[in-house]
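Residue numbering for the sequence shown is 1 to 397, as defined by our numbering.
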Amino acid sequence: MVDIAHRSAINPASAKDATASRAHSPQGAAPLIPLASVDLSQWQALSERAIEPNGYYLPAWERAVSATARGRAGADALCAFDAASGRLTGLLPVVSLWRAWKIPLPALVSAHPYGTLCSPPLDRGAADDAATQLLQQARQAGAHALILRDVALDGPAMKSITESLVREGLQPQVLTSYIRAALDATQDGEALLRAALGGKKLKELRRQRHRLEGHGLVTFEIARTPGDVGPALETFLKLEASGWKGKRGTALAQDAGDAAFIRRAVPALAETGQCEIVTLRAGATPIAAGIVLRHQARAFFFKLGIDERFAKYSPGVQLTCELTRHLCADPAIASADSTASADHPMINPIWRGRLAIGDVLIPLRRNDPTVALIHAALVGREFALDIARRAVRLLRR
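Shown next, in the form of structure tokens:
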């Protein structure tokens with residue numbers, strides 16, 4: 001039971017297994033293979049056919065995360081294939097429960113792609129079959145449970161997984177859940193901002209912007225091409241490290257692995273038009289910047305960095321309002337996921353749509369007492385974390 005906690009014991013793929021996977025053989029592929037062994041062209045094609053958009057499981061992003069990102073490197077993958085064509089129809093990056101949370105029980109956990117969304121890509125033409133195969137692959141890898149963290153609870157991927165479970169007489173268990181901000185980008189941007197913020201708040205933001213122009217002409221820039229996103233990314237990294245994230249040591253540029261991941265992922269996604277960096281400047285001075293991923297008709301607001309010397313002008317809000325106008329004016333984008341925490345004080349009042357996100361425990365066998373142990377361990381971990389969070393808040397007062 002304990003052995004699956006260690007990656008070396010979760011049926012690791014041999015070179016022969018990896019070759020079989022790359023050759024698209026459903027029968028020959030191992031149940032669990034290194035994420036880096038997943039055929040890139042197959043993964044890219046699956047992303048285009050995915051039943052649900054997720055910018056954080058795009059191959060250029062997740063491969064970069066798994067290659068070097070702090071605490072996230074070395075993920076494996078569960079794969080589903082079409083039996084007739086060998087086409088990749090489902091993919092779930094995973095790590096062991098031990099790797100994820102140091103719990104020595106036989107379970108797999110969706111690999112965290114830095115952004116807070118782990119809904120797996122499932123082929124829209126074969127989503128139910130792909131979900132069934134992924135569950136079977138997890139069983140064959142020795143897992144008694146699969147934990148999907150930060151999944152869209154009402155999304156098509158979770159619905160396909162749930163339907164597959166129900167057919168097998170199983171039920172998923174929601175461990176934790178929260179609601180976060182989203183944008184309906186099919187609306188007129190100005191009308192949306194007026195309805196969300198009200199005339200008084202918009203007037204105050206215009207007043208702040210007018211005062212900001214004392215530092216130079218205020219401009220909103222969008223970097224899209226690989227050549228443009230490189231310099232824009234460095235600007236973002238400097239802004240992020242200059243603020244509270246830098247003081248806590250959590251800025252991307254402060255860790256070599258994180259810096260390598262983001263510098264690899266952003267230009268790669270820009271090559272396919274799936275990443276852009278937005279920057280707000282006062283004259284030549286960048287005062288706010290954000291990274292935005294794009295997958296199908298949805299945008300994902302990854303991170304925001306601001307120059308806190310300009311805090312009295314609300315640079316983060318100003319940038320988000322400009323981004324809102326930009327996304328609403330783009331006919332290719334229908335919605336945007338803030339990927340922010342619950343009740344985020346900056347973006348919640350602006351983006352009034354809501355997405356239900358949660359961690360889900362998926363049992364892989366009926367009446368399995370090991371699943372009860374896994375559930376108890378996860379509940380205990382969450383209880384301990386809650387106590388720790390409260391202690392931190394008290395110490396910071």
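We put the beta carbon where it would ideally sit given N, CA and C, even for glycine.
Computed from a predicted model, the values in this text were never measured in an experiment.
Relative to D337, the option among P369, F302, H210 and T370 whose CA is nearest is F302. Pairing G115 with G74, the inter-Cα distance amounts to about 17 Å.
By the Cβ-count criterion, S85 is exposed, with fewer than 16 other Cβ atoms from all chains shown falling within 10 Å of its own Cβ. Annotation: the continuous beta strand (DSSP E) that includes T285 extends over T285 to H295. In this model, P34 and D76 are separated by some 4 Å (Cα to Cα). Taking the Cα positions, C328 is about 47 Å away from L373. Counted as a single uninterrupted DSSP element, the beta strand (DSSP E) harbouring P363 occupies residues G353 to P363.
Residue environment: G358 is assigned as buried (16 or more neighbouring CB atoms within 10 Å of its CB, all protein chains considered). The DSSP-derived three-state label of G142 is coil.
For C118, the secondary structure class from DSSP, reduced to helix, strand or coil, is coil. Apart from sequence neighbours up to five positions away, the residues of its chain that approach G216 with a beta-carbon distance below 6 Å are A282 and G283, ordered along the chain.
For Q136, the three-state secondary structure derived from DSSP is helix. If you look at L91, you'll find it in the beta strand (DSSP E) that goes L88 to S96. When rounded, the separation of the alpha-carbon atoms in R194 and L202 is 7 Å. Here L373 carries a helix assignment [DSSP, helix/strand/coil].
For G305, the secondary structure class from DSSP, reduced to helix, strand or coil, is strand.
T68 carries a helical assignment under DSSP once its states are collapsed to helix, strand and coil.
If you draw a straight line from the Cα of A223 to the Cα of I277, it comes to about 5 Å. Bridge pairing for R209: absent [DSSP]. Three or more Cβ pairs closer than 8 Å define a contact, and the segment 169-176 falls short of that threshold against the segment 301-320. For the alpha helix (DSSP H) assignment, the uninterrupted runs of no fewer than 4 residues enclosed by the segment 216-256 are, from N- to C-terminal side, 226-242 and 244-248. Runs of the beta strand (DSSP E) spanning 3 or more residues and lying entirely within the segment 327-352 occur at 335-337, in chain order. The beta carbon of L170 lies closer than 7 Å to those of P363 and R366 in the same chain, with the five residues before and after it left out. Taking each of A288, Q296, P121 and L252 in turn and checking the Cα distance to D307, the smallest one comes out for A288. The straight-line gap separating the alpha-carbon atoms of W98 and L105 is approximately 7 Å. Here I103 carries a coil assignment [DSSP, helix/strand/coil]. Pairing L146 with F383, the inter-Cα distance amounts to about 20 Å. Shown here for P267: same chain residues with a beta carbon closer than 7 Å to its own, the five before and five after excluded, namely P226, V229 and G230 in chain order. Sixteen is the threshold: since fewer than 16 other Cβ atoms of the shown chains lie within 10 Å of the Cβ of H210, the residue is exposed. By the Cβ-count criterion, G290 is buried, with 16 or more other Cβ atoms from all chains shown falling within 10 Å of its own Cβ. Ranked by how close their Cα comes to the Cα of E240, the residues A251, L233 and Q42 have A251 in first place. Rounded to whole angstroms, G90 and L148 show a C-alpha spacing of 15 Å.
For E48, the enclosing alpha helix (DSSP H) starts and ends at L40 to R49. Here the alpha carbons of A130 and S96 stand approximately 21 Å from one another. Looking at the DSSP output, R389 shares a beta bridge with no other residue. Going by DSSP, S177 is part of the beta strand (DSSP E) stretching over Q173 to D184.
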